[in-house]
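J.:
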Amino acid sequence: MCGIVGMIGQVNTKEILLKGLEKLEYRGYDSAGLAFVNDGVQVFKEVGRIAALREHVPAEADGFAGIGHTRWATHGVPSVPNAHPHQSTSGRFTLVHNGVIENDEQLKAELGVDLLSDTDTEVVVQLIEKNFKATGDVTEAFRKTLKALHGSYAFALLDSENPDVIYVAKNKSPLLVGIGDGTFNVVASDAMAMLQVTDQFVELHDGEMIILTRDNVTIQDLEGNILERAPYTAEIDASDIEKGTYSHYMLKEMDEQPAVIRNIIQKYQNEAGEITLDQSVRDLVLGRDRVYIIGCGTSYNAGLVGKQLIEQIAGIPTEVHIASEFGYNMPLLTEKPLFLFLSQSGETADSRAVLVEAKKLGHRALTVTNVQGSTLSREADATLLLHAGPEIAVASTKAYTAQIAVLSILAFDLAKAKGKELPFDLMKELALISSAMDTVMSQKDRFQEIADEYLKESRNAFFIGRGQDAYVGIEGALKLKEISYIQAEGYPGGELKHGPIALIEDNTPVIALVTQPHVHLNNRGNVKEVVARGANACVIASEGLDLPTDAFVIPMVETLLSPLLSVLPLQLIAYYAALGRGCDVDKPRNLAKSVTVE
Ligand code: F6R
283 MCGIVGMIGQ VNTKEILLKG LEKLEYRGYD SAGLAFVNDG VQVFKEVGRI AALREHVPAE
343 ADGFAGIGHT RWATHGVPSV PNAHPHQSTS GRFTLVHNGV IENDEQLKAE LGVDLLSDTD
403 TEVVVQLIEK NFKATGDVTE AFRKTLKALH GSYAFALLDS ENPDVIYVAK NKSPLLVGIG
463 DGTFNVVASD AMAMLQVTDQ FVELHDGEMI ILTRDNVTIQ DLEGNILERA PYTAEIDASD
523 IEKGTYSHYM LKEMDEQPAV IRNIIQKYQN EAGEITLDQS VRDLVLGRDR VYIIGCGTSY
583 NAGLVGKQLI EQIAGIPTEV HIASEFGYNM PLLTEKPLFL FLSQSGETAD SRAVLVEAKK
643 LGHRALTVTN VQGSTLSREA DATLLLHAGP EIAVASTKAY TAQIAVLSIL AFDLAKAKGK
703 ELPFDLMKEL ALISSAMDTV MSQKDRFQEI ADEYLKESRN AFFIGRGQDA YVGIEGALKL
763 KEISYIQAEG YPGGELKHGP IALIEDNTPV IALVTQPHVH LNNRGNVKEV VARGANACVI
823 ASEGLDLPTD AFVIPMVETL LSPLLSVLPL QLIAYYAALG RGCDVDKPRN LAKSVTVE
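In short: position in the sequence shown from 1, add 282, done, that's our numbering.
1. Could you tell me the boundaries of the alpha helix (DSSP H) in which residue 359 lies?
2. Tell me residue 551's beta-bridge partners as DSSP assigns them.
3. Counting only runs of 3+ residues fully inside the region 360-446, write out the beta strand (DSSP E) ranges in chain order.
4. Under three-state DSSP, which class holds residue 588?
5. Using three-state DSSP, classify residue 679 as helix, strand or coil.
6. Taking 8 Å as the cut-off, does the region 609-623 touch the region 858-870 (at least 3 CB pairs, one atom from each stretch)?
7. Are the CB atoms of residue 672 and residue 522 nearer to each other than 9 Å?
8. Assuming residue 633 and residue 576 form a contact by the criterion Cβ under 8 Å, report the distance between their Cβ atoms to the nearest whole angstrom.
9. Return the chain-ordered list of same chain residues with a C-beta closer than 8 Å to the C-beta of residue 326, the five sequence neighbours on each side being excluded.
10. Hey, residue 601 and residue 572: beta-carbon distance below 9 Å or not?
11. Just checking residue 388 against the ligand F6R - is the residue's beta carbon closer than 8 Å to any of the ligand's heavy atoms?
12. Which runs of the beta strand (DSSP E) spanning at least 3 residues fall entirely within the region 437-493, listed in chain order?
13. In or out: residue 441 buried (at least 16 other Cβ within 10 Å) or exposed?
14. Compare the Cα-Cα distances from residue 718 to each of 501, 851, 736, 558 and report the closest residue.
15. Where do the N-terminal and C-terminal ends of the alpha helix (DSSP H) with residue 721 fall, by residue?
16. What are the boundary residues of the alpha helix (DSSP H) that includes residue 731?
17. Is the beta carbon of residue 397 closer than 9 Å to that of residue 349?
18. So what's residue 623 in DSSP terms, helix, strand or just coil?
19. Expressed to the nearest angstrom, what Euclidean distance is found between the alpha-carbon atoms of residue 746 and residue 670?
20. Can you say whether residue 748 is buried or exposed, counting buried as having 16 or more other CB atoms within 10 angstroms of its CB?
21. Taking the straight line between their C-alpha atoms, what separation do you get for residue 644 and residue 525?
22. Please go through the same chain and pick out, in chain order, the residues whose beta-carbon is closer than 8 Å to the beta-carbon of residue 552, but skip the five residues on each side of it.
23. Can you pull the DSSP bridge partners for residue 239?
24. Over the uninterrupted beta strand (DSSP E) stretch that includes residue 888, give me the two end residues.
25. Kindly examine the ligand F6R and report whether one of its heavy atoms sits closer than 8 Å to the Cβ of residue 865.
26. Kindly indicate the opening and closing residues of the beta strand (DSSP E) around residue 774.
27. Below 8 Å on the Cβ atoms is my contact criterion, and I expect residue 469 with residue 448 to pass it. Report the Cβ-Cβ distance as a whole number of Å.
28. Identify the continuous beta strand (DSSP E) that holds residue 791 and give its terminal residues.
29. Between the beta-carbon of residue 364 and the beta-carbon of residue 401, is there less than 9 Å?
30. In this structure, does DSSP put residue 288 in helix, strand or coil?
31. Would DSSP call residue 517 helix, strand or coil?
32. Is DSSP giving residue 836 helix, strand or coil here?
33. Does the ligand F6R have a heavy atom nearer than 8 Å to the CB of residue 624?
Put into structure tokens, the structure is as follows:
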């Protein structure tokens, strides 16, 4: 979703801001803009990629302070007038915003000024000007404006009369301040944007604002009380966010999966090779009578697999819910529920809305996320980190496998704490799976052939499987549709004949997973049913369950953990299908990496 960068106090602000915006490209956007303040303000905006903005900004443009923005349209189409930064009528104030102001229509009516864009942001910058005219004090005008807003925001504001300050504020949308060397400070939606100049960051909490100068960071609440907060070191290596020799981040991130599993083993085991979870996590979950997993998209799909792990290994009843539906369709909660939030980014607004509600009701929450210090992590009672390294491609791959691996560790740890018999040696199994992942990834070319053979000309595709394979199929369908735009659906094999089989015609691609020994014959039966109706069936089977006609055979691993491996072929097929169609694999249309609006 929208991304914000800002910098004060250093020459070459323009280049640092443009590089910062490029680092935020992964979040998804449709237009971008920059503003600098020196003697007056200069604003530049473009629809499309940062590269287009870069070309549009004259070489000599720069400033002592500057702000930049990538926009993901919510109010009004992607266009230059709707792109940020937005300015007040006099041109004194210039604002960038991530979030959604819910009472913008009411504020607009009260303002009574003509607006140049359809955005809620322009309403805010006009209100700042109006409040400034009434108070004569910029800080006071900014604070008064923030108090009038309902909704989510991260703001960075320039005042053309005072290039020595950037005003910053946050409510529900992510924003960090980066601490420079005493000659500059920066602000960004995400630490990755500013790792180029600092690894020291200060968190901003909801309902707070910051007065940022080149050598000072003053945090205040909306009553003007000064707050103290120590910076933290972002544990991200700047090289982790580079593509290196890879053509796409998605390819790099798929390739990283074996190493991610090995890293997770290392992070969650002690010297004796036993699982070690923080006692606070165990205490949080034990004694709870039901786990409610909350997630969106791929994280929700990982939750479907995780439910099987927690129920079958730890013996704790578990439900999985789509975050955006939970508010309206809240299930009857048990007496002692545990809310488990699954989120790669830790910033997804739909999931956060459930967390806020759960906390209001006094329930306990555990977050499983890839981003230390993210909102869902900070606001839950405890966090388990994925240790997958930054995931940049919009299509989530390594976070999915990392989520399943971490949930398996949680399930085993709880089972052990409850004195339950453990079904297998988890750490040994995970190590075997990471080697099996290497084996699959070393045969990438085969998936290019499969994508060409089965998906080149097709408008739609089905994924079928039973047991854990059914859930992996749903994830495979999501990967395919989001990056190749082929309509794709994942179904439990047995469900086809209750409706979807009506869509099967000559050459309809049906990708079938056969990795579950207890149901493999049933799924083979479903494959026969679709083939009898003309489908082009592509079977991916585990060794020992395979047939000579199968498209690809993966090593046999523990049935419950098979999604860790069987998803790799589906990710690769989606990748090559998208490449074959000339799609922008890392930045699919309409999508954002970090979905910070509900
Ligand atoms: C799909 C994808 C999305 C995310 C979803 C949740 O490839 O990336 O479906 O999984 O937006 O995001 P997080 O996990 O950050 O909460």
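Positions of the beta carbon are idealized from the N, C-alpha and C atoms, including for glycine. Values in this document were obtained by computation on a predicted structure and should not be read as measured data.
T.: Taking the structure as given:
1. Premise fails: residue 359 is in no alpha helix (DSSP H) and is neither H nor E.
2. 557
3. 375-380, 435-441
4. helix
5. coil
6. no
7. yes
8. 6 Å
9. 315, 316, 317, 335, 338, 339, 343
10. yes
11. no
12. 448-453, 458-461, 467-470, 482-485
13. buried
14. 851
15. 708-723
16. 726-737
17. no
18. strand
19. 28 Å
20. buried
21. 43 Å
22. 558
23. The requested residue 239 is not part of the displayed model; the chain covers only 283 to 880.
24. What the structure shows of the chain is the stretch from 283 to 880, and residue 888 is not part of that stretch, so it cannot be assessed.
25. no
26. 769-774
27. 6 Å
28. 791-796
29. yes
30. strand
31. coil
32. strand
33. yes
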